[in-house]
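Beneath this line is the structure, given in structure tokens, with notes to follow.
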Amino acid sequence: MAVSSRGTRGGSNLRGFFSYRIFISAMFSLLFIATLSVLFTTNPSTENDNSDLPTTGNAYVHRTFLALKSDPLRTRVDLIHQQAKDHISLVNAYAAYARKLKLDISRQLKMFDELAGNFSDISLKPTYRASLFESDSLIEEDVLKQFEKEVKDRVKIARMMIVEAKENYDTQLKIQKLKDTIFAVNESLAKAKKNGALASLISAKSVPKSLHCLAMRLMGEKISNPEKYRDENPMPEFEDPSLYHYAIFSDNVIAVSVVVRSVVKNAVEPWKHVFHVVTNRMNVAAMKVWFKMRPVEGGAFLEIKSVDEFTFLNSSYVPVLRQVESAKIHQHYIENQHDKVANDARDLKLRNAKYLSMLDYLQFYLPEMYPKLRTILLLDDDVVVQKDLTGLWKIDLEGKVNGAVEICFGSFHRYSQYVNFSHPLIKETFNPKACAWTYGMNIFDLDAWRREKCTEHYHYWQNKNEDQSIWKLGTSGTLPPGLITFYSTTKSLDKSWHVLGLGYNPSISMDEINNAAVIHYNGNMKPWLDIALNQYKNLWTKYVDSDMEFVQMCNFGL
63 MAVSSRGTRG GSNLRGFFSY RIFISAMFSL LFIATLSVLF TTNPSTENDN SDLPTTGNAY
123 VHRTFLALKS DPLRTRVDLI HQQAKDHISL VNAYAAYARK LKLDISRQLK MFDELAGNFS
183 DISLKPTYRA SLFESDSLIE EDVLKQFEKE VKDRVKIARM MIVEAKENYD TQLKIQKLKD
243 TIFAVNESLA KAKKNGALAS LISAKSVPKS LHCLAMRLMG EKISNPEKYR DENPMPEFED
303 PSLYHYAIFS DNVIAVSVVV RSVVKNAVEP WKHVFHVVTN RMNVAAMKVW FKMRPVEGGA
363 FLEIKSVDEF TFLNSSYVPV LRQVESAKIH QHYIENQHDK VANDARDLKL RNAKYLSMLD
423 YLQFYLPEMY PKLRTILLLD DDVVVQKDLT GLWKIDLEGK VNGAVEICFG SFHRYSQYVN
483 FSHPLIKETF NPKACAWTYG MNIFDLDAWR REKCTEHYHY WQNKNEDQSI WKLGTSGTLP
543 PGLITFYSTT KSLDKSWHVL GLGYNPSISM DEINNAAVIH YNGNMKPWLD IALNQYKNLW
603 TKYVDSDMEF VQMCNFGL
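Residue numbering for the sequence shown follows our numbering, beginning at 63 and increasing consecutively.
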């Protein structure tokens, strides 16, 4: 019984093992049959076949199995076609970028468009479309090679064009960036120039510490020794018309001393020269002390007066004084204050007492100030005389009043730049292209002045300009009314008599300067300031009386 039982249990195990193997074999057989069924019984439609490769889902699996089943060259066709599509996209991208930048490369844009069209045309050729894209039959290798060659040729052209285009884009972008940088720099430069001009004007019109020190030292000397500086009686030479008379109107002591010293040192007969210095009430005492301590050399004569001593120069007679005192000019000045950007420099001039003082307008009253004189030479305080000037008195002015050097060249320094030719009176009276002259060194025939009634002429135009519609107060000093007053009564002098620009122009020829009778430091860079142009400064400092004790004490930095 025991043996029989063991035999039955062993047979049962063996049958179970063989049954399991049969089951597994059946399952693999069914899976294999199902796979063959998918591969060989499915018949895909090619009626709407696209040349683009499917990229997702069952379509991609189907196309892959189909390519492996039908033709190994099909994958190669798809890769070549995809490469062509990629380059079409790249060419179109560069063309779109060029259009966006609006670059001047229309020829290149046309080439981009043609190249993109050529790529598309390859796949549309009947030979290639029928053999490569619309047929499930085997691909002919010769056709594929020809297709590949055409695609590669166009790819090569596309890459060359893209390299060239990239260089053009980089250049154009750099040019545009450079233009933007230049524009920004120009804006910064304009702002810096405006600020620099204002700072220069502040520096030029402020009283330097050295000048203030000198004036205070001179006043201290007068207070300490009043008996030494008593006023003397006028000398007869002050009214002698046979001598050479000079007029200098200034509140700058050391500048006046340089002008006088330079005239005397270069004069052939200095004892025949007479200087008429007029200053304001604040500086008249200091001016007198200076020339008492340092008398004029060579026997020349010098008269110092305050503008207040000419009592006829009051607001009832002088239009500009009346206008300055009037509410109208005050209102105009207040209105100007609102335009800070455009008028800072001019407003600063208006706030500066010099531009509203009588010293600048004395030149319109020379015949009345010196009634017994026939000829007088007007010199600014920022000039240096380098030659004997008596030749000016020998020039025939041809009956005209003013002898001056003209400053126009080309379209610059014409009357239109100094007076308003939109004013009807100006437009009908003056020529806008008339050449301007300048103050600084002017020889005046006072007899002709009286005959032509130039002072009355000046008063007429100054009254017309009460609303400043003809010229602006403080603009170009008193040159605009001077140009109008002596419009037809000015004689042009040789330019070697008077060379200008040493106060602003660093490019004046030294030969021109050395040949000049008078050099003029017009501009903001006056020779007694720290901002003076160094190449011209020694031409002024050599006439400074550096041995004078107060000059040494006040540290003029000579």
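Glycine residues also receive a C-beta, built at the ideal position from the N, C-alpha and C atoms.
From a predicted model like this one, the values you see are computed outputs, not experimental measurements.
- Its Cα nearest to that of W499, the residue F474 stands out among H274, K271, F474, Y520.
- About 19 Å separates the beta carbons of L541 and I438, which is beyond the 8 Å limit, so they are not a contact pair.
- DSSP places R356 in the coil class of the three-state scheme, outside both helix and strand.
- With respect to the C-alpha of L428, the residue from V325, F374, K449, N287 having the closest C-alpha is F374.
- For S151 and L240, the gap between their C-alpha atoms comes out near 31 Å.
- For V369, the three-state secondary structure derived from DSSP is helix.
- DSSP places R476 within a strand segment (E or B) once states are collapsed to three.
- Under DSSP, the beta-bridge partners assigned to E468 are W499.
- The residue from N154, M572, G453, Q144 with its alpha-carbon nearest to that of L305 is G453.
- A straight line joining the alpha-carbon of V346 with that of S368 spans about 6 Å.
- For H307, no alpha helix (DSSP H) run applies; the uninterrupted beta strand (DSSP E) run containing it begins and ends at 306-311, by DSSP.
- Closest by C-alpha distance to F311, out of P433, I285, D370, is D370.
- Nearest neighbour of R323 by Cα position, chosen from P357, I469, L206, turns out to be P357.
- In this structure, DSSP gives V326 a helical state, which the three-state scheme calls helix.
- Judged by pairs of C-beta atoms under 8 Å, the segment 591-601 touches the segment 556-574, as three or more such pairs exist.
- Assignment of beta-bridge partners to K553 by DSSP yields G465.
- When DSSP states are grouped into helix, strand and coil, L451 belongs to the coil group.
- Counting other Cβ atoms within 10 Å of its Cβ, I316 reaches 16 or more and is therefore classed as buried.
- The three-state secondary structure of I438, taken from DSSP, is strand.
- In this structure, the alpha-carbon of V205 lies about 10 Å from that of K211.
- In this model, G282 and A348 are separated by some 9 Å (Cα to Cα).
- Taking a cut-off of 8 Å on C-beta distances, the segment 598-617 touches the segment 273-290, as three or more cross pairs fall below it.
- If you draw a straight line from the Cα of N525 to the Cα of A252, it comes to about 37 Å.
- Between the alpha carbons of I95 and Q208 lies a gap of roughly 41 Å.
- The segment 549-562 makes contact with the segment 460-476: 3 or more CB pairs, one atom from each, lie closer than 8 Å.
- The residues N328, A329, V330, in chain order, have a CB closer than 6 Å to that of D450 in the same chain once the five nearest residues on each side in sequence are set aside.
- In the structure shown, the three-state DSSP call for V561 is strand.
- Closest option to M610, judged by alpha-carbon separation, among V351, V326, H143: V351.
- By the beta-carbon neighbour count (other beta carbons within 10 angstroms, threshold 16), L141 is exposed.
- Contact between Y480 and W533 is confirmed by a C-beta separation of about 7 Å, below the 8 Å threshold.
- Scanning F300, R384, T137 for the CA closest to the CA of N527 turns up R384.
- Where F612 is concerned, there is no enclosing beta strand (DSSP E), although the alpha helix (DSSP H) around it starts and stops at 611-615.
- For the 7 Å CB-CB criterion, H143 and V217 do not form a contact.
- Contact between N493 and S419 does not hold, since the beta-carbon distance rounds to 32 Å and is not under 8 Å.
- By the beta-carbon neighbour count (other beta carbons within 10 angstroms, threshold 16), L280 is buried.
- Under the three-state reduction of DSSP, H485 is assigned to coil, being neither helix nor strand.
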